[in-house]
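Asks:
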Amino acid sequence: MRFVQVDRAHAVVLAFVPFFLSGCGVALQVPTVTLETSNGEAVSAASITARPSGGAPVKPGEPIIVTAIDGHLADVNVIGPKGPLPGIMSDDGTRWQADVRSLRYNSTYRVEARAIDARGVETTSTNEFSTVSPSKFFTGEVVSPAPGSTVGVGMPLVVSFDRPIKNRADVERALIVRTPTSFEGAWSWRDGMTVEFRPKSYWPGNIPVEVVANFQGLESSKDVYGKGGLESSFNIGPSMVTKVDAATHEAQVLRDGAVIRTIPITTGKLGFETRSGTKVIVSKERTRIMDASTGGTDRSDPEYYRLTVEYAMRVTYSGEFVHAAPWSVGSQGRANVSHGCIGMSTSNAQWLYDQTLVGDVVEVTGTSNVQDLGNGITVWNESWPQWLARSATGSVSTVATDGKGSTAKEASELSVGPMLVPSPTPAVGGLTG
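So, in structure tokens, the structure goes:
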């Protein structure tokens, strides 16, 4: 960007200033130096610089900064197709920076600036620059949780893109998570087109959450630029964590940290052990047909079953559920007799079903079978260092809203679908308890 500077006189400057020495009564005339143009106008000592410089097209997102040297900026205007761009002036008036997130692609902008030196003599500058004209764009959307939904404290926030993202750090920085109070979390890439956010520990219970981003001007890979942004909000319900101990055959249900019920349960028998780990309820079904053939069991096998179960809460894609198992009430609290599911009485299953949300946590201990990553919502089975290893920016803090929320416009000023069930859910199937 090249600026042309023009000087104008707005002050009367004396060529000589009398100066009297009171001690000896001798008057001295001290000359002052004043720069003038050929027509007698004073030349301002102030100058104006700007960056970027040069004639190359500007990328939206590239800083547009106007600076005054040996003076201060009186006003700056950057005018484009939609009118003047907003900007921020420094406290001392020497530096102005445009809100470049407002720049549009394939557009021309006119920059007008005026600065004044210490004598009140002004200088002005004017120039035009153009922005790049991309041919390829990327967009992003929140795929989970669904907008307006209420989910449990174990549900990660998932954003999907329509192109592979190489410049992951800038994309992560553009994504802003807002919560009533700030806490630690991090983005982590599941693959080149999907990034997930989770807190260091579970979400706090009973809070609203908003995610906003402005991708305008962001280059995700060579010559691929962001288009628009995203905005979504959802709610986190009460903190509901069910702790299943396969060794003691009991499940403790905690709401907001307090035990509200202890339930006798049964888990997977030898050869069908329930996976130990931190699971998340991915779906709920009032009734479900569970057919062992969907897991590869032949109908002639003694372990084959086909049952209609009630109050089914899925916790793995491979078929582990928490559900009513009235046929095993005699073993509940005493022995593990299921094919991998967590079974309980119908009354307890109904109560738990009514208490829980998709996204609530089920922690299983007491078996040697370890929860496999990706088989369900398994983000809590990774240590914090493991989670951060797939992040480009590392640990971040959510932006506190003090409960007031925000808007997409506010997000753009800050920014530097259905519920997700990634694995198809068959119509039948499951491991009975």
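Just add 701 to the spot in the sequence shown (first one is 1) and you have the working numbering. The beta carbon of each residue, even a glycine, is placed where N, CA and C say it ideally should be. Everything numeric in this text was worked out from a predicted model, so none of it was measured.
1. If you draw a straight line from the alpha carbon of Ser940 to that of Asn828, how long is it in whole angstroms?
2. Please state if the CB of Lys944 and the CB of Glu1143 are separated by a distance shorter than 8 angstroms.
3. How would you write the range of the alpha helix (DSSP H) that Asp1055 sits in, first residue to last?
4. Shortest alpha-carbon distance to Glu986 belongs to which of Arg874, Thr825, Asp1055, Val779?
5. Could you tell me which of Tyr903, Ser921, Arg879, Glu885 sits nearest to Phe862, measuring between CA atoms?
6. Curious, which full-length alpha helix (DSSP H) runs of at least 4 residues does the segment 987-1032 contain?
7. At which residues does the alpha helix (DSSP H) containing Val983 begin and terminate?
8. From Arg802 to Thr998, what distance separates their C-alpha atoms?
9. Apart from the five residues on each side of it in sequence, which residues of its chain come closer than 6 angstroms, Cβ to Cβ, to Val767?
10. Hey, could you find the ends of the alpha helix (DSSP H) Ala875 is sitting in?
11. Which one of Tyr1012, Ile961, Pro965 has the shortest CA to CA distance from Ser984?
12. Give the DSSP-derived three-state secondary structure of Pro785 in the structure shown.
13. Locate the alpha helix (DSSP H) running through Gln1087, then write down its first and last residues.
14. So what's Asn1082 in DSSP terms, helix, strand or just coil?
15. Using only the alpha-carbon positions, how far apart do Val1097 and Asn1037 sit?
16. Output yes or no for whether 8 angstroms exceeds the beta carbon distance between Glu873 and Trp888.
17. Quick one: is Tyr1021 buried, meaning 16 or more other Cβ sit within 10 Å of its Cβ, or exposed?
18. For Lys1110, does the count of other Cβ atoms within 10 angstroms reach 16, so buried, or fall short, so exposed?
19. Out of Thr895, Glu1083, Trp890, point me to the one whose CA is closest to Glu842's CA.
20. Can you list, in chain order, the residues of its chain whose CB lies under 6 angstroms from that of Thr979, leaving out five sequence neighbours each side?
21. Exposed or buried, what is Pro1003 when buried is set at 16 or more other beta-carbons lying within 10 Å of its beta-carbon?
22. Would a C-beta distance cut-off of 8 angstroms place His950 and Thr963 closer than the cut-off?
23. In whole angstroms, what separates the C-alpha of Trp844 from that of Ser748?
24. Rounded to whole angstroms, how far is the Cβ of Thr851 from the Cβ of Gly906, which I believe are closer than 8 angstroms?
25. With burial defined as no fewer than 16 other Cβ atoms inside 10 Å of the residue's Cβ, what is the status of Leu858: buried or exposed?
26. How many angstroms separate the CA atom of Pro1086 from the CA atom of Gly886?
27. In chain order, what residues of the same chain have a beta carbon less than 7 angstroms from the beta carbon of Met1014, not counting five sequence neighbours either side?
28. So the beta strand (DSSP E) Arg811 belongs to, where does it begin and stop?
29. Just grab the DSSP bridge partners of Trp890 for me.
30. For Phe862, report the span of its beta strand (DSSP E) as first-last.
31. Name the one or two DSSP bridge partners that Leu931 has.
32. Compute the Euclidean distance between the alpha carbons of Ala952 and Tyr926, then round it to the nearest angstrom.
33. How big is the Cα-Cα spacing for Leu876 and Ile990?
34. For Arg891, which residues of its own chain have a beta-carbon under 7 angstroms away from its beta-carbon, when the five flanking residues on both sides are left out?
35. Are there 16 or more other CB atoms within 10 angstroms of the CB of Asn807, so buried, or fewer, so exposed?
36. Can you tell me whether Arg879 is helix, strand or coil according to DSSP?
Replies: Quick look at the numbers:
1. 57 angstroms
2. Residue 1143 lies beyond the residue range present for the chain, which begins at 702 and ends at 1134; the question has no answer from this structure.
3. 1047-1056
4. Asp1055
5. Ser921
6. none
7. Segment: none, Val983 is in no alpha helix (DSSP H) and carries neither H nor E.
8. 57 angstroms
9. Ala751, Val777, Trp797, Ala814
10. 869-875
11. Tyr1012
12. strand
13. 1085-1089
14. helix
15. 42 angstroms
16. yes
17. Here residue 1021 is Glu; the residue named in the question, Tyr, does not match the sequence. By the neighbour-count rule (16 or more Cβ atoms within 10 Å), Glu1021 is buried.
18. Note that Lys1110 has pLDDT 38, beneath the 50 cutoff, so the model's placement of it is unreliable and the number below is only indicative. Classification of Lys1110: exposed, given that the 10 Å Cβ count is below 16.
19. Thr895
20. Glu1064, Trp1081, Asn1082
21. exposed
22. no
23. This sequence places Val at residue 844; Trp is not what is there. Straight-line Cα distance between these residues: approximately 51 angstroms.
24. Rounded, the Cβ-Cβ distance is 11 angstroms, inconsistent with contact.
25. buried
26. 12 angstroms
27. Ile982, Lys985, Phe1022, Val1023, His1024, Tyr1054, Thr1057
28. 809-817
29. Val896
30. 858-862
31. Ala914
32. 50 angstroms
33. 41 angstroms
34. Glu897
35. exposed
36. strand
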